[in-house]
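Residue numbers for the sequence shown follow our numbering, beginning at 1383 and rising by one. So the structure is just underneath, and the comments pick up after that.
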Amino acid sequence: MILVTGGAGFIGANFVLDWVAASAEPVLNLDALTYAGNLESLGSLAGNPRHRFVQGDIADRPLLDRLMAEHRPRAVVHFAAESHVDRSIHGPGAFIKTNVEGTFTLLEATRAHWAQLPATEKAAFRFHHVSTDEVYGSLGPGDPAFTEAHPFEPNSPYSASKAASDHLVRAWHHTYGLPVVTTNCSNNYGPYHFPEKLIPLMIVNALAGKPLPVYGDGQQVRDWLYVKDHCSAIREVLARGRVGETYNVGGWNEKPNIEIVQTVCALLDEMRPSAAGPHARLITFVADRPGHDRRYAIDARKIERELGWKPAETFETGIRKTVRWYLDNADWVAHVQSGAYRDWVATQYSERASA
Ligand code: NAD
Ligand code: DAU
């Protein structure tokens, strides 16, 4: 079996669902169920013997040792993290705890498990670290896209903590020989995305007739990838990626934020028109994110050249599916908007009242 960490979060849940649909190999899913973890996303797997869920922390070494001894995973796919840049600005401590100390503890438990495997299982073992393009910093308008050789220049507490975790993973390979692979991916969007991030927040707010808060001038550029494409890239790298290598994953879809918001509004106008008028009337420019990275862009030629991976969705097909999914899954959206989530939204946006 494989051990997945953070499999109740946005990307982890999509990965687990796709894995169970495509493979006979069972998944052990370890997730602490922070505010971002949601078992409802995995509801379709209830009673499925190929999915076993354990609520727990990746920083809990005795728990990790017990799970490794009991289930003897042949791979670890590590998604668990604090993932939201704005939260990292308000409270960086949790990011150091999970992304740095948690990854360290997971690496140590994995190393102990891997060290005692028989030679053939040891050689086939993989630790797959799921990371982000944000470790590379910010690009100017004419700069070439990030390659795997781009220096690390993280600018937020979130990206600094992820960069630290990438360095730990690299060091555990070079020093101890742990067979690791790392993927650095651009912005994901799609089903089960928590509505604190740009695209689901805009959909949810627009449907509720609430303001659509665009930071600064809205000209920050992100490179958007449909989440199922990220999951297929991880499967390819896990199966055939070269040990010790990093692979950039991206959608070749660079777009300024304001264009993303306008696209969401136009799709909602088509699929769920509002009697009050076009949804774009709700767009509101608010104060910028401190230290806001201006542009990310991924050069994904290495993964295409070595593994033949390319995204299946264009932005146009992926965003249409995404808006449709949120319209069709109003219960999921309602449940995810718990008291804790509403408190966060109140704190976050009361400080951004004026542009
Ligand atoms: P998410 O915030 O939606 O989910 C994170 C999951 O990790 C949650 O289920 C949470 O409960 C769990 N978790 C948090 N702390 C934990 C701990 N200490 N122990 C066990 N579980 C814990 O995040 P996501 O957007 O799905 O991102 C998953 C991974 O992919 C992260 O490592 C992130 O850095 C990376 N990534 C995300 C994106 C993106 O656009 N969302 C892009 C590139 C890389
Ligand atoms: O690039 C990969 C990263 O993408 C991942 O590593 C992170 O885990 C993930 O959260 C995401 O980070 P971003 O900061 O790019 O995503 P977010 O959805 O928070 O913001 C996207 C852009 O939209 C960013 O430029 C900030 C802007 N924004 C965001 C929110 C929530 C707004 O203008 N208004 C908003 O209300």
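Beta carbons: idealized from backbone N, C-alpha and C, even for Gly.
Range of the contiguous alpha helix (DSSP H) that encloses residue 1582: In the DSSP annotation of this structure, the continuous segment of the alpha helix (DSSP H) that includes residue 1582 starts and ends at 1580 to 1589.
Completely contained beta strand (DSSP E) runs for the stretch 1468 to 1526, where each covers 3 or more residues: Qualifying beta strand (DSSP E) stretches, in chain order: 1508 to 1514.
Reference residue 1739, options 1404, 1514, 1651, 1615, closest by Cα: The structure shown does not extend to residue 1739, since the chain spans only 1383 to 1737, so no value can be given for it.
Opening and closing residue of the alpha helix (DSSP H) in which residue 1642 lies: 1639 to 1653 is the extent of the alpha helix (DSSP H) around residue 1642.
Per-residue DSSP class, three states only, for residue 1464: Coil at residue 1464, not helix or strand.
Cβ neighbour criterion (16 or more within 10 Å) applied to residue 1611: Buried, since its Cβ has 16 or more Cβ neighbours within 10 Å.
Buried or exposed by the 16-neighbour rule on C-beta atoms within 10 Å, applied to residue 1460: It counts as buried.
Run of the beta strand (DSSP E) containing residue 1672, from where it starts to where it stops: No beta strand (DSSP E) holds residue 1672; DSSP gives it neither H nor E.
Same chain, Cβ closer than 8 Å to residue 1424, neighbours up to 5 away in sequence not counted: The residues 1389, 1390, 1395, 1398, 1399, 1411, 1433, 1435, in chain order, have a CB closer than 8 Å to that of residue 1424 in the same chain once the five nearest residues on each side in sequence are set aside.
Residue 1528 - partner residues in DSSP beta bridges: Looking at the DSSP output, residue 1528 bridges to 1680.
Simplified DSSP assignment, three categories, for residue 1605: Three-state DSSP puts residue 1605 in a strand.
Residues that residue 1445 bridges to, as DSSP identifies them: Residue pairing of residue 1445 in beta bridges, as defined by DSSP: absent, with no partner found.
Extent of the continuous beta strand (DSSP E) run through residue 1629: 1628 to 1631 is the span of the beta strand (DSSP E), which, as asked, contains residue 1629.
Pair within 8 Å by beta-carbon distance, residue 1587 and residue 1580: No.
Cutoff 8 Å; reference residue 1489; Cβ partners in own chain excluding five residues on either side: Cβ contact annotation for residue 1489 (same chain, cutoff 8 Å, sequence separation greater than five): 1509, 1550, 1551, 1554, 1560, in chain order.
DSSP state of residue 1457 mapped onto helix, strand, coil: The answer is strand: DSSP assigns residue 1457 an E or B state.
Residue 1504, buried or exposed, once every other Cβ within 10 Å from all chains shown has been counted against 16: Burial state of residue 1504 is exposed, judged by a 10 Å Cβ sphere holding fewer than 16 other Cβ atoms.
Secondary structure of residue 1719, DSSP reduced to three states: Taken through DSSP and simplified to helix, strand or coil, residue 1719 comes out as coil.
Residue 1416, DSSP secondary structure in three states: Of the three classes helix, strand and coil, the one that applies to residue 1416 here is coil, per DSSP.
Coil, strand or helix - residue 1411 by DSSP: In this structure, residue 1411 counts as strand in the three-state DSSP scheme.
CB contact flag (residue 1540, residue 1470, <8 Å): In this structure, residue 1540 places its C-beta atom within 8 Å of the C-beta atom of residue 1470.
Residues near residue 1616 in its chain [Cβ-Cβ closer than 7 Å; skip 5 each side]: Annotation for residue 1616: 1397, 1459, 1510, 1512, 1565 place their beta carbon closer than 7 Å to its own, counting only its chain and skipping 5 residues before and after.
contact_flag[the stretch 1520 to 1535, the stretch 1479 to 1488] where n(CB pairs < 8 Å) is 3 or more: No: fewer than three Cβ pairs fall under 8 Å.
Coarse secondary structure for residue 1635, derived from DSSP in three states: In the three-state DSSP reduction, residue 1635 falls in the coil class, being neither helix nor strand.
Buried or exposed (CB count within 10 angstroms, at least 16 for buried), residue 1655: Burial call: exposed.
Which listed residue (1439, 1707, 1404, 1668) has its alpha carbon closest to that of residue 1732: The shortest C-alpha separation from residue 1732 is found at 1668.
Whether residue 1544 touches residue 1514 by CB criterion (8 Å): Yes, Cβ-Cβ distance for residue 1544 and residue 1514 is below 8 Å.
Residue 1437 - partner residues in DSSP beta bridges: Residue 1437 has 1413 as its beta-bridge partners, per DSSP.
Cβ-heavy atom distance, residue 1602 to ligand 2, below 7 Å: Flag set: Cβ of residue 1602 near ligand 2.
Helix, strand or coil at residue 1396 [DSSP, three-state]: The three-state secondary structure of residue 1396, taken from DSSP, is helix.
Limits of the unbroken alpha helix (DSSP H) element including residue 1558: Looking at the DSSP string, the run of the alpha helix (DSSP H) that includes residue 1558 is 1539 to 1558.
Proximity below 8 Å, CB of residue 1679 to CB of residue 1605: With a cutoff of 8 Å on beta-carbon distance, residue 1679 and residue 1605 are scored as near each other.
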